[in-house]
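S.K.:
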Ligand code: UCC
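Residue numbers (my numbering): 70 to 625.
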């Protein structure tokens, strides 16, 4: 019998998730946890089954048919089996609606994002349109546009698959991705109706029944402030497109199940969301929601990589014993686990803040903290998911490099987390924007003080000290840099943003570890916190801007 290597297997992804379950036991009232555990268990089972089915089925991609046999332009999209299955499932679980459900009060967002975290990898990025739909709900609510609220929200928040709609977010153009000031799409008012003309370069989930789009009203000034935000329903009831064509589906590194199109708008009917300018300000609430989904999706990637790598470590025997018993492999997995646990607690902490803020239970400091932390979680978890996916490929040796093992897909898909919804550098600059407009570091430092005051265990003293010292160093760096040249502050923004995310994550992980020691007699979160604290938290430079200019351009 030739040697056969057993493939990794996933068990129920909720029941198997110590980190999620312990966190939920700490933050949710028992009655709420009791009410939602059934659906979390079901989603955990769905996640495990979907992984096995996807391996058996192989990879599927959406297909665009532009012309009928008789020469008619039809632009019909055939979705993958996973996408077809995801739509009714997302509606029934209320993966968007749960975020606004008053039944669990401020815990609505924790509940929603626990489901999303379990669903994401199995959904093959159907979570992308769900994120945008959720963002659209928040942006429309902020706009106060009664007509659109009455028109769209009953669909966006519906739990009936027949009624549920998803929504796109049409921002990116050839000339404007990170900097939307380059937007060339023009909005003209014709016979009392707005129509859009132009080209959108990346439209994710083009099958969405609705979209929010940025466009420049004809005759308006240049720059981003003159852009307006529009609502569209791009298809008629019979599936025909309303004055737009799909030029092609994008040929992407990952997220290949997600139909991302390049489109031409040729008078597509649209409705103004608010006033005919300040469109970026109006779409910003949507970005903050999708960026939170992004962080949850990145966490889901990390968790999936870890679950597979751990299972495999028990099956693969080398040098006379399973990988799981080899000290160096244990050490590798431990490092990854510690990073993941820290990222988990920071990200879910943001979902707690969001839940409080949207029902008016967050004071000004907490709202500012939410504003400050949102770009930080998008930035840090995006980068971390790529690093963990790369490490996990290695955990499978050569098999991790083979397409049909399913492992390389995790890495290629992970590469999207730092890119879309604003790259890492866009997040770092957004952190600076929030730092300037939302109370500086004060809300974060005061929250950190409160969190660390709850950590008393001797086993965690080192973590508390490292977290405090890190916060002090960042505060001093920011004070100094803010007083100097703007370029210097910007050049260091990514390092300082990641450092701050790590400092806050360590504080939150230590607080959870304290609780787990006392309430559950579980030493593992404390071990994760110590391991996380041992790695350098910060990478702050005294003056990077001039060196960076020289090195980036190779001139002096
Ligand atoms: O990639 C895309 C689709 C993928 C969907 C994936 C969903 C996630 C799936 C998850 C699955 C689990 S769509 C493309 C996404 N594109 C972006 O994210 C754009 C990236 N660029 C930026 O974020 C830039 O920072 C811009 C575009 C916002 C910069 O625009 P401006 O106009 O140059 O920036 P300003 O002038 O600083 O900001 C304009 C206003 C200001 O308010 P006012 O007018 O009151 O002074 C800002 O304070 O907008 C406000 N603002 C914000 N407010 C800007 N950003 C924010 C923010 N994040 N939060 C609150």
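Note that beta-carbon positions come from the ideal geometry of N, C-alpha and C, so glycine has one too.
Just to check, is the beta-carbon of residue 502 closer than 7 Å to a non-hydrogen atom of the ligand UCC?
M.R.: Here residue 502 refers to the residue found at position 433 when the chain shown is read from its first residue. Checking every heavy atom of the ligand UCC against the Cβ of residue 502, one is found closer than 7 Å.
S.K.: Is the beta carbon of residue 407 less than 8 Å from the beta carbon of residue 600?
M.R.: To locate residue 407, count along the chain shown from 1; it is residue 338. To locate residue 600, count along the chain shown from 1; it is residue 531. A contact, by the Cβ cut-off of 8 Å.
S.K.: Is residue 363 close to the ligand UCC? I mean its beta-carbon at under 7 Å from any heavy atom of the ligand.
M.R.: Mapped onto the chain shown, residue 363 falls at position 294. Answer for residue 363: yes, Cβ within range of the ligand UCC.
S.K.: With a threshold of 7 Å on Cβ separation, who are the neighbours of residue 402 within its own chain once the five nearest residues in sequence on each side are excluded?
M.R.: Within the chain shown, numbered from 1, the residue matching residue 402 stands at position 333. These residues qualify, in order along the chain: 378, 379 and 382.
S.K.: Going by DSSP, which residues form a beta bridge with residue 267?
M.R.: For this step, residue 267 is matched to residue 198 along the chain shown. BP columns for residue 267 point to 334.
S.K.: Which residues in the same chain have their Cβ closer than 7 Å to the Cβ of residue 480, if we skip the five residues on either side of it in sequence?
M.R.: Counting from 1 along the chain shown, the entry for residue 480 is found at position 411. Excluding sequence neighbours, residue 480 sits near 458, 459 and 462.
S.K.: Please work out which residues of its chain come closer than 6 Å, Cβ to Cβ, to residue 77, disregarding the five sequence neighbours upstream and downstream, and give them in chain order.
M.R.: As a first step, residue 77 is located in the chain shown; it is residue number 8 there, counting from the start. The answer, listed in chain order, is 377, 380 and 381.
S.K.: Check whether the Cβ atoms of residue 594 and residue 585 lie closer than 8 Å to each other.
M.R.: Stepping through the chain shown from its first residue, residue 594 is reached at position 525. Stepping through the chain shown from its first residue, residue 585 is reached at position 516. Contact flag set, yes.
S.K.: Could you tell me which of 341, 336, 334 and 311 sits nearest to residue 214, measuring between CA atoms?
M.R.: Walking along the chain shown from the start, residue 214 turns up at place 145. That would be 341, whose Cα lies nearest to the Cα of residue 214.
S.K.: Are the CB atoms of residue 543 and residue 448 nearer to each other than 8 Å?
M.R.: For the purposes of this step, residue 543 is taken as the residue at position 474 of the chain shown. For the purposes of this step, residue 448 is taken as the residue at position 379 of the chain shown. No, Cβ-Cβ distance for residue 543 and residue 448 is not below 8 Å.
S.K.: Give the straight-line distance between the Cα atoms of residue 351 and residue 343, rounded to the nearest whole angstrom.
M.R.: Taking the chain shown and counting its residues from 1, one reaches residue 351 at position 282. Taking the chain shown and counting its residues from 1, one reaches residue 343 at position 274. Taking the straight line from one Cα to the other gives about 8 Å.
S.K.: Going by DSSP, what residues sit across from residue 245 in a beta bridge?
M.R.: Taking the first residue of the chain shown as 1, we reach residue 245 at position 176. Paired residues: 242.
S.K.: Following a CB-centred definition, is residue 189 positioned closer than 7 Å to any heavy atom of the ligand UCC?
M.R.: One-based indexing of the chain shown puts residue 189 at position 120. Correct: residue 189 has its Cβ closer than 7 Å to the ligand UCC.
S.K.: Am I right that residue 91 and residue 591 are in contact with their C-beta atoms under 8 Å? What's the rounded C-beta distance?
M.R.: In the chain shown, counting from the first residue as 1, residue 91 sits at position 22. In the chain shown, counting from the first residue as 1, residue 591 sits at position 522. Indeed they touch by this definition, with Cβ atoms about 7 Å apart.
S.K.: Within this structure, are the beta carbons of residue 176 and residue 238 separated by less than 8 Å?
M.R.: Residue 176 sits at position 107 when you count from the first residue of the chain shown. Residue 238 sits at position 169 when you count from the first residue of the chain shown. Not closer than 8 Å, so no.
S.K.: How about residue 356: is its Cβ closer than 7 Å to a heavy atom in the ligand UCC?
M.R.: Mapped onto the chain shown, residue 356 falls at position 287. Yes, Cβ of residue 356 sits closer than 7 Å to a heavy atom of the ligand UCC.
S.K.: Residue 228 and residue 475 look like a contact to me (Cβ under 8 Å); what is the Cβ gap, rounded to whole Å?
M.R.: Position 159 of the chain shown holds residue 228. Position 406 of the chain shown holds residue 475. About 31 Å separates the two Cβ atoms, so there is no contact after all.
S.K.: Measuring CB atoms only, is the stretch 196 to 207 touching the stretch 359 to 373, in the sense that at least three cross pairs come out at less than 8 Å?
M.R.: These segments touch.
S.K.: What residues in its chain sit with their C-beta under 7 Å from that of residue 117, if we drop five residues either side in the sequence?
M.R.: In the chain shown, counting from the first residue as 1, residue 117 sits at position 48. Result list for residue 117: 79, 80, 81 and 82, in chain order.
S.K.: Rounding to the nearest angstrom, what Cα-Cα distance links residue 608 and residue 494 in this structure?
M.R.: Against the chain shown, residue 608 aligns to sequence position 539. Against the chain shown, residue 494 aligns to sequence position 425. So the alpha carbons of these two residues sit roughly 16 Å apart.
S.K.: Could you name the residues that DSSP lists as bridge partners for residue 299?
M.R.: Within the chain shown, the letter at position 230 stands for residue 299. According to DSSP, which records beta bridges pairwise, residue 299 is partnered with 282 and 341.
S.K.: Do residue 271 and the ligand UCC come close, with the Cβ less than 7 Å from some heavy atom?
M.R.: For the purposes of this step, residue 271 is identified with residue 202 of the chain shown, where counting begins at 1. Yes.
S.K.: Please classify residue 157 as buried or exposed, where buried requires at least 16 neighbouring CB atoms within 10 angstroms.
M.R.: On the chain shown, residue 157 is found 88 positions in, with the first residue counted as 1. Residue 157 is exposed by the Cβ-count criterion.
S.K.: Could you compute how far the alpha carbon of residue 576 sits from the alpha carbon of residue 433?
M.R.: As a first step, residue 576 must be located in the chain shown, where it is residue number 507. As a first step, residue 433 must be located in the chain shown, where it is residue number 364. Between residue 576 and residue 433, the C-alpha separation is close to 21 Å.
S.K.: Report buried or exposed for residue 115, applying the criterion of at least 16 other Cβ atoms within 10 angstroms of its Cβ.
M.R.: Numbered from 1 along the chain shown, position 46 holds the residue referred to as residue 115. Buried, because 16 or more other Cβ atoms sit within 10 Å of the Cβ of residue 115.
S.K.: Expressed to the nearest angstrom, what Euclidean distance is found between the alpha-carbon atoms of residue 295 and residue 354?
M.R.: Your numbering for residue 295 matches position 226 in the chain shown. Your numbering for residue 354 matches position 285 in the chain shown. So the alpha carbons of these two residues sit roughly 18 Å apart.
S.K.: Curious, which full-length beta strand (DSSP E) runs of at least 3 residues does the stretch 186 to 242 contain?
M.R.: List check, beta strand (DSSP E) in window: 236 to 239.
S.K.: Touching or not, the stretch 307 to 320 and the stretch 331 to 340, by the rule of three or more beta carbon pairs under 8 Å?
M.R.: Contact holds: three or more Cβ-Cβ distances are below 8 Å.
S.K.: Below 7 Å, is the gap between the Cβ of residue 350 and the nearest heavy atom of the ligand UCC?
M.R.: Here residue 350 refers to the residue found at position 281 when the chain shown is read from its first residue. For the ligand UCC, at least one heavy atom lies less than 7 Å from the Cβ of residue 350.
S.K.: So residue 520 packs on residue 580, CB below 8 Å; how close in whole Å?
M.R.: Along the chain shown, one-based indexing puts residue 520 at 451. Along the chain shown, one-based indexing puts residue 580 at 511. Indeed they touch by this definition, with Cβ atoms about 5 Å apart.
S.K.: Provide the residue span of the alpha helix (DSSP H) that contains residue 362, from first to last.
M.R.: The residue labelled residue 362 in the question sits at position 293 within the chain shown. Segment 348 to 384, the alpha helix (DSSP H) holding residue 362.
S.K.: Inspect the beta-carbon positions of residue 437 and residue 491 and report whether they are closer than 8 Å.
M.R.: On the chain shown, residue 437 is found 368 positions in, with the first residue counted as 1. On the chain shown, residue 491 is found 422 positions in, with the first residue counted as 1. Contact: no.
S.K.: In terms of residues, what are the limits of the alpha helix (DSSP H) holding residue 258?
M.R.: The residue you call residue 258 lines up with position 189 of the chain shown. Unbroken run through residue 258 is the beta strand (DSSP E), 255 to 259; no alpha helix (DSSP H).
S.K.: Can you tell me whether residue 491 sits near the ligand UCC, meaning its C-beta is under 7 Å from at least one heavy atom of the ligand?
M.R.: Here residue 491 refers to the residue found at position 422 of the chain shown. True, at least one ligand heavy atom lies under 7 Å from that Cβ.
S.K.: Can you look up residue 144 in the DSSP assignment and give me helix, strand or coil?
M.R.: Your numbering for residue 144 matches position 75 in the chain shown. The answer is strand: DSSP assigns residue 144 an E or B state.
S.K.: Report, in whole angstroms, the separation of the C-beta atoms of residue 283 and residue 252, which I expect to be a contact under 8 Å.
M.R.: One-based indexing of the chain shown puts residue 283 at position 214. One-based indexing of the chain shown puts residue 252 at position 183. So it is a contact: roughly 6 Å between Cβ atoms.
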